[in-house]
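Student: This is the structure I have questions about; it appears just below.
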Ligand code: IFM
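Numbering (my numbering), first residue to last: 7 to 461.
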């Protein structure tokens, strides 16, 4: 018996602006923090950058045709804020025109556009970046300007992609732009990102009561290596900031008690102002779930080297313990059942009671692809990854989780942030000549998208 997904289930793929567009200085686009970060020596593998990327800014008609050829009914993309807004807060019409053309092209191919307002390319001109509360105010202006232009055609709006990455990974671990290593700045950034989300949901709800509104969070479930109190506690501390820190205020209107205690010495006393948590917990229609792996941690002992800058400021003593699981090229353990457990937990703990739907807005894997003489990649490892995770999604639905769609990361190989172009996540290969060549995984996914079943 095959596996059959519910009628109307969304099948598609996702990308983001900086990772695919290129055209980094064209038509009035200004610098994002990623343009600046990529210019700093040593930050990105091979000194790569997003100046050209996949040339999607010019090749979008070909890319939309590809989506259609692969049977995808939904496409999640993000908007580059510094492409559409000038530093003085005025709109850049040429930047807006690009997204308008893209949306028209998608609709002409019967593909639903799913727009993410922020996937990390913050205008470099904003003073203090996300550590500044004013950035959240500017975000609302930007969101409303986008909605003015595209609201008649785009019906699904996601405020932020993975705010954990744009706060803790970017301002505490320094791995992502702007590359700071200041845990207090990371906490400020996290709160201001959540505020930008909440204020934007409020504003868009007024502007467009029927739109589907939400946020995408990345979840990396964290488990203890043993039942020793030290290991249990360190896994809990990682979980508190990496996972619950974001969903808890959105769904329940408060930060997790244990995260507040764990971070007590770092938390600025004037950060959370009256009304902030009410704004952050404004009801949403859909929670985007990005899932790649789960992690096991033990508490560091005397023999362990001291940690450097960390994305887990309340758990600098967390040491990852690898299990006997297959690894992707990112070194991430493949754990499809972790996705089933995550979806059931989210539905039961946070979203089920309010009718908020769950959509997998990212899931996928980088592998060391080998192309044949025609550029074709027979990526059976990626096929197995997708099959395993989609099967887990189906099991979660059978267990009662309200999961409404699955968007593979990513449509095509692209700029993998600090890893540059060395890591390939696409179901479509992009080669040095910018040829798009569907891999075996793209054909496998297209079959699923067309039939709704895994045979
Ligand atoms: O490429 C990224 C994406 O931009 C955000 N989520 C994780 C992906 C793989 O690392």
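No residue lacks a Cβ here, since even glycine has one placed at the ideal position from N, Cα and C.
Here the structure is a predicted model, which means the values were calculated and not measured.
Report yes if the CB atom of residue 303 is closer than 9 Å to the CB atom of residue 234, and no otherwise.
Tutor: no
Student: Should the region 271–287 be called in touch with the region 199–209, which here means at least 3 C-beta pairs below 8 Å?
Tutor: yes
Student: DSSP beta-bridge partners for residue 223?
Tutor: Note: residue 223 is bridge-paired with 295 in the DSSP secondary-structure output.
Student: CA-CA distance, residue 21 and residue 83?
Tutor: 5 Å
Student: Leaving out the 5 sequence neighbours to the left and right, which residues in its chain are closer than 6 Å to residue 461 when beta-carbon positions are compared?
Tutor: 8
Student: Quick one, are the C-beta atoms of residue 350 and residue 402 less than 9 Å apart?
Tutor: yes
Student: Please confirm whether any heavy atom of the ligand IFM lies closer than 8 Å to the CB of residue 125.
Tutor: Correct: residue 125 has its Cβ closer than 8 Å to the ligand IFM.
Student: Pull up the CB-CB distance for residue 152 and residue 112, whole angstroms please, since I reckon it's below 8 Å.
Tutor: Not a contact, Cβ separation roughly 15 Å.
Student: In the DSSP assignment, the alpha helix (DSSP H) including residue 73 goes from what residue to what residue?
Tutor: 62–75
Student: Which residue marks the beginning of the alpha helix (DSSP H) containing residue 300, and which one marks its end?
Tutor: Run containing residue 300: none; DSSP gives neither H nor E here.
Student: Rounded to the nearest angstrom, what separates residue 17 and residue 458 at their Cα positions?
Tutor: 8 Å
Student: Enumerate in chain order the residues of its own chain whose CB-to-CB distance from residue 99 is below 7 Å, with the five nearest sequence positions on each side excluded.
Tutor: none
Student: Any heavy atom of the ligand IFM inside 8 Å of the beta-carbon of residue 415?
Tutor: yes
Student: State the Cα-Cα distance for the pair residue 49 and residue 424, rounded to the nearest angstrom.
Tutor: 6 Å
Student: How about the region 289–309 and the region 374–385: do they share at least three Cβ pairs that are nearer than 8 Å?
Tutor: These segments do not touch.
Student: Quick one: what does DSSP say residue 81 is sitting in, helix, strand or coil?
Tutor: strand
Student: Can you tell which of 58, 114 and 129 has its C-alpha closest to the C-alpha of residue 93?
Tutor: 129
Student: Starting from residue 201, trace the beta strand (DSSP E) both ways and give me its first and last residue.
Tutor: Note, residue 201: premise wrong, no beta strand (DSSP E); alpha helix (DSSP H) at 189–213.
Student: Closer than 9 Å, CB to CB, is residue 426 near chain D or not?
Tutor: Protein chain content of the structure displayed is limited to a single chain, and chain D is not contained in it.
Student: Which residue's Cα is closest to the Cα of residue 330: 81, 231 and 34?
Tutor: 231
Student: Looking at residue 298 and the ligand IFM, is the gap between the Cβ and the nearest heavy atom below 8 Å?
Tutor: yes
Student: What would DSSP say about residue 411, mapped onto helix, strand or coil?
Tutor: Taken through DSSP and simplified to helix, strand or coil, residue 411 comes out as strand.
Student: I'd like the span of the alpha helix (DSSP H) that includes residue 23, first residue to last.
Tutor: Residues 23–26.
Student: Report the residue from 179, 242 and 164 whose alpha carbon sits nearest the alpha carbon of residue 222.
Tutor: 164
Student: Give a yes or no on contact between the region 314–324 and the region 366–374, applying the rule of three or more CB pairs nearer than 8 Å.
Tutor: no
Student: Taking 9 Å as the cut-off, decide whether the C-beta atoms of residue 33 and residue 95 are in contact.
Tutor: Not in contact: residue 33 and residue 95 (Cβ atoms no closer than 9 Å).
Student: With DSSP as the reference, please indicate the residues paired to residue 38 in a beta bridge.
Tutor: 129
Student: By alpha-carbon positions, which one of 160, 184, 161 and 159 ends up nearest to residue 171?
Tutor: 184
Student: Am I right that residue 176 and residue 86 are in contact with their C-beta atoms under 8 Å? What's the rounded C-beta distance?
Tutor: The Cβ separation is near 17 Å, so there is no contact.
Student: By how many angstroms is the C-alpha of residue 103 removed from the C-alpha of residue 140?
Tutor: 27 Å
Student: On the CB-based measure, 16 or more other CB atoms within 10 Å of its CB, does residue 268 come out buried or exposed?
Tutor: buried
Student: Helix, strand or coil: which one does DSSP assign to residue 46?
Tutor: coil
Student: Select from 68, 149 and 358 the residue whose C-alpha is nearest the C-alpha of residue 291.
Tutor: 358
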